[in-house]
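Asks: Got a structure for you, written out below as structure tokens; questions coming shortly.
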Amino acid sequence: MSKLAKAFAPESVAILGASDNPHKAGGRPIAFMKRYGFAGRIYPVNPARSQIQGLRSYDALAALPEVPELVIVAVGGAAGLALVEECATAGVDVVIVVASGFAESGSEGGILQQRMVAACRRAGTRLVGPNCQGISNFANGAIANFATIFHEEPGRDGPLAIIGQSGAATQSVYTLAHARGIHARYVHATGNEADVTAVELLSEIVEDEAIRAAILYLESITQPELLARAAARASERRIPVIAIKGGRSASGQRAASSHTGAMATEDRIVDAFFARHDIIRAVDPYEAVSVAALCVGARMPRGRNLVAMSSSGASCVMAADTADELGLPLLTLDGDAASRLADVLPGFSSAANPVDLTGAMLTDRALFPGALDALARANSLHLLMFALPVGGAGYDVDGYAKSLAAFAATNDVTVAVAAHQASVRECFDRHGLVTYEREREALQALDVVADYALRRRRNQHAPQAGGAGDIPLPPPPSTSPGATTLDEAQSLELLRGAGLQTVRFARCNTPDEAVAAWREIGGAVVLKGCSPDILHKSEHGLVALDLSSESQVREQAERLAATVRELGAQYSGVLVASMLRGGRELALGARVDPVFGPVVLVGDGGIYLEALQDFRLLVPPFNEREVADALARLRIAPILAGVRGDAPADIEAFCRMAVHLGNAILRWRESVASIDINPVKVFTAGQGAVAVDAVIELAQPRR
1151 MSKLAKAFAP ESVAILGASD NPHKAGGRPI AFMKRYGFAG RIYPVNPARS
1201 QIQGLRSYDA LAALPEVPEL VIVAVGGAAG LALVEECATA GVDVVIVVAS
1251 GFAESGSEGG ILQQRMVAAC RRAGTRLVGP NCQGISNFAN GAIANFATIF
1301 HEEPGRDGPL AIIGQSGAAT QSVYTLAHAR GIHARYVHAT GNEADVTAVE
1351 LLSEIVEDEA IRAAILYLES ITQPELLARA AARASERRIP VIAIKGGRSA
1401 SGQRAASSHT GAMATEDRIV DAFFARHDII RAVDPYEAVS VAALCVGARM
1451 PRGRNLVAMS SSGASCVMAA DTADELGLPL LTLDGDAASR LADVLPGFSS
1501 AANPVDLTGA MLTDRALFPG ALDALARANS LHLLMFALPV GGAGYDVDGY
1551 AKSLAAFAAT NDVTVAVAAH QASVRECFDR HGLVTYERER EALQALDVVA
1601 DYALRRRRNQ HAPQAGGAGD IPLPPPPSTS PGATTLDEAQ SLELLRGAGL
1651 QTVRFARCNT PDEAVAAWRE IGGAVVLKGC SPDILHKSEH GLVALDLSSE
1701 SQVREQAERL AATVRELGAQ YSGVLVASML RGGRELALGA RVDPVFGPVV
1751 LVGDGGIYLE ALQDFRLLVP PFNEREVADA LARLRIAPIL AGVRGDAPAD
1801 IEAFCRMAVH LGNAILRWRE SVASIDINPV KVFTAGQGAV AVDAVIELAQ
1851 PRR
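Going letter by letter, the sequence shown gives residues 1151 to 1853 in this note's numbering.
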């Protein structure tokens, strides 16, 4: 057992700054441990009292009969630092500092926090906090936490783990889950994370076989590799990890920074990272708990095919609208399922999906179980949403719940129930079904969990870096000292060596060489002035298009060389390239994020890329199918598929290029900072894709 794991099941706990008041930070953990049956030894420490909450109080840590495994420090500032240093010297395994007055309060508090961390690291003591609510284990009553909500909503052991950097956020999740009857074994809040992080705690709890879902609240991600490993272990153990990542917007990132001192990260990279590592993203605690309800209360979906069923035709219509919006396919009912359903339904109803049971449910007790029996015969049914918007006198709600629970138990279908009335939901809850107040919420939860299950299966077969299909990658070329970018010719040459198809080109140092290259290439050409100092050539008149004669090529080669020199930039020749016509312009890009490492961009290309931002990010390694899935989520996806008689674009060729780029940035991550390939000309299916323009920015030496 690691030292950190001991905090979940300590044999002895001391509270420094203990209070006789069970509503103070130094008193609540004592009250909670007594209330929730903690079997270990509790040592209150307060020199002003001989007894606290019925327990003997000690003058100091040194006066205790043993060195406790876990210590809670409820004293802030310099006095709190001194107590932590004493704990570290004594050999305490884990210290939880619930007091504030440290890095969150300014530079002086930051210095105290640094000294606290240094003392703990010298001694090998793990530090949770400071400025945190603490950690809790309701399986054994080890509640080293002062959360108010445990007074208001008594805890019970359950299959959920709640971990967050914010105490208020973890309490919000706890409250919402408690209201749904979902109980949490672990409730941990890490505060300033001077040492122990929420991600480390996740790494510990995913080893607990009783946990069926974990909800994380994160404002910063400082340990992406550890998070990736924890998520991989969770996926292996079939524990969905649901993350609420604060700071989705620029304003949110600023607020998160002021809250925790965390560095903000571009939100799209967070999305890509979570997708790569099977982490479900939720926008707030409510959505997180909504998804967790299905994760702990229903089976994982085998697919995304949906049947919606209701006693209300209006609910059926709205369910169809929502399913279409979410991209959940409504299963076409045919064969035995359709014929049996037609036999069961009233003559004026249609055996179509969504299934309208009509008001006949009031009088026909056999209708609902008969419809379920018909659906049990449907091939490829994965998801079922049953909506009962009204269930008063005359409705056999308990009978419906029994029938649906039996259906869920005997069929490999993920079931959610939507009912506006609390009394109706409570009836279905009693039979072990997952309920929602609104149809839309139920369908959104089904969509998220089905997408997670599908992504998890795909990621299990995702390629690894350096795996099959890789080609030998050339190293970045040597450059002059202090160079920060490669010119376009160098960039294209390097990418071509990495397996990306590029436009046919040649670098030329003189007009005569340019003319020779034009003859060699054949047809019309483009000339560009090359310089590692100039990234946007068109803005400086350094691009000449559609040149088809010797005189044009010679004249433009001379002009481009003169323009580069007039700009005071380093001249590295002219690039002569084929003039490509037609095709759709897409973009590829890659960069090494300082937190998450290599990421790859795929999206709409051309001069409006930055303005329209129709792109997706992927974390390599990935395969061609994953690139195609990303492209399918772009606004331009219908255009790529072909509209109004246009042939579809050669997406397969573009996807191959993206995979090669992902492998390349993984290999070059120490020497290349970013790669910009815009545009990539994508021709009609079977005609390929070609990188037309590229700029590679080099990584600067670390100091």
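Note that CB positions come from ideal geometry on N, CA and C, so glycine has one too. From a predicted model like this one, the values you see are computed outputs, not experimental measurements.
1. Start and end of the alpha helix (DSSP H) containing E1700?
2. Mapping the DSSP letters down to three states, classify T1634 as helix, strand or coil.
3. Could you tell me whether the Cβ atoms of Q1203 and P1172 are closer together than 8 angstroms?
4. Ordered along the chain, which non-local residues of its own chain (more than five positions away) have a Cβ less than 7 angstroms from that of N1281?
5. Under a Cβ-count criterion, where at least 16 other Cβ atoms within 10 Å of its own Cβ denotes burial, should G1314 be classed as buried or exposed?
6. Helix, strand or coil for D1486 per DSSP?
7. Since G1284 contacts L1262 with CB under 8 angstroms, what's their CB separation in whole angstroms?
8. With a threshold of 8 angstroms on Cβ separation, who are the neighbours of R1383 within its own chain once the five nearest residues in sequence on each side are excluded?
9. Considering only the beta carbon of each residue, do V1494 and L1480 sit closer than 8 angstroms?
10. Would you identify the three-state DSSP class for L1220, choosing helix, strand or coil?
11. Could you have a look at G1753 and say whether DSSP puts it in helix, strand or coil?
12. With N1813 as the anchor, note down where its alpha helix (DSSP H) starts and where it stops.
13. Could you name the residues of the same chain whose beta carbon sits closer than 8 angstroms to that of S1500, not counting the 5 residues immediately before and after it, in chain order?
14. Expressed to the nearest angstrom, what Euclidean distance is found between the alpha-carbon atoms of S1408 and R1431?
15. Based on DSSP bridge pairs, tell me the residues matched to R1741.
16. Going by other Cβ atoms of all chains shown within 10 Å of its Cβ, with 16 needed for buried, is F1498 buried or exposed?
17. Would you kindly check if the distance between the Cβ of L1211 and the Cβ of K1156 is under 8 angstroms?
18. Report the three-state DSSP secondary structure of V1584 (helix, strand or coil).
19. Can you tell me where the beta strand (DSSP E) with N1295 in it begins and where it stops?
20. Check the C-beta distance from L1848 over to L1636 and give it rounded, since I have them as a contact under 8 angstroms.
21. Looking at the structure shown, is K1148 part of a helix, part of a strand, or coil, going by DSSP?
22. Under 6 angstroms Cβ to Cβ from H1338, same chain only, skipping five residues before and after it: list those, please.
23. Nearest to F1804 by alpha carbon, out of A1839, P1770, G1187 and I1815?
24. Using a Cβ distance threshold of 8 angstroms, determine whether the segment 1672 to 1690 contacts the segment 1714 to 1723, with at least three qualifying pairs required.
25. Give me the DSSP bridge partner(s) of N1287.
26. Identify every residue that forms a DSSP beta bridge with L1480.
27. In terms of residue numbering, what span does the beta strand (DSSP E) encompassing P1194 cover?
28. Check for me: the beta strand (DSSP E) holding C1658 runs from which residue to which?
29. Across the segment 1738 to 1755 and the segment 1387 to 1397, are there enough close Cβ pairs to call them in contact, namely three or more that are closer than 8 angstroms?
30. Measure from the alpha carbon of I1671 to the alpha carbon of each residue in S1641, F1182 and V1703, then state which is nearest.
31. By the DSSP assignment, the beta strand (DSSP E) with S1162 in it spans what residues?
32. May I have the straight-line CA-CA distance separating L1491 from A1778, to the nearest angstrom?
33. Could you tell me whether the segment 1231 to 1243 touches the segment 1265 to 1274, using the rule of 3 or more Cβ pairs below 8 angstroms?
34. Would you mind sorting L1366 into buried or exposed? The rule is 16 or more other CB atoms within 10 Å of its CB.
35. Between which residues of its own chain and A1381 is the CB-CB distance below 7 angstroms, once the five residues before and five after are set aside?
36. Relative to the C-alpha of C1658, which residue among C1680, G1673 and E1643 is closest?
Replies: On the basis of the data shown:
1. E1700 to E1716
2. coil
3. yes
4. S1250, F1252, E1254, G1341 and N1342
5. buried
6. helix
7. Going by Cβ atoms, the distance from G1284 to L1262 rounds to 19 angstroms, so no, they are not a contact pair.
8. S1353, V1356 and E1357
9. no
10. strand
11. strand
12. I1801 to R1817
13. D1506
14. Bear in mind that the predicted position of S1408 carries a pLDDT of just 37, short of 50, making it too unreliable to give a figure here.
15. V1749 and S1824
16. exposed
17. no
18. coil
19. A1292 to N1295
20. 7 angstroms
21. Nothing in the structure corresponds to residue 1148, since the chain is present only between 1151 and 1853.
22. I1285, I1313 and L1351
23. A1839
24. yes
25. A1292 and Y1336
26. L1456
27. R1191 to V1195
28. F1655 to C1658
29. no
30. V1703
31. S1162 to L1166
32. 37 angstroms
33. yes
34. buried
35. V1391, H1427, D1428 and I1429
36. C1680
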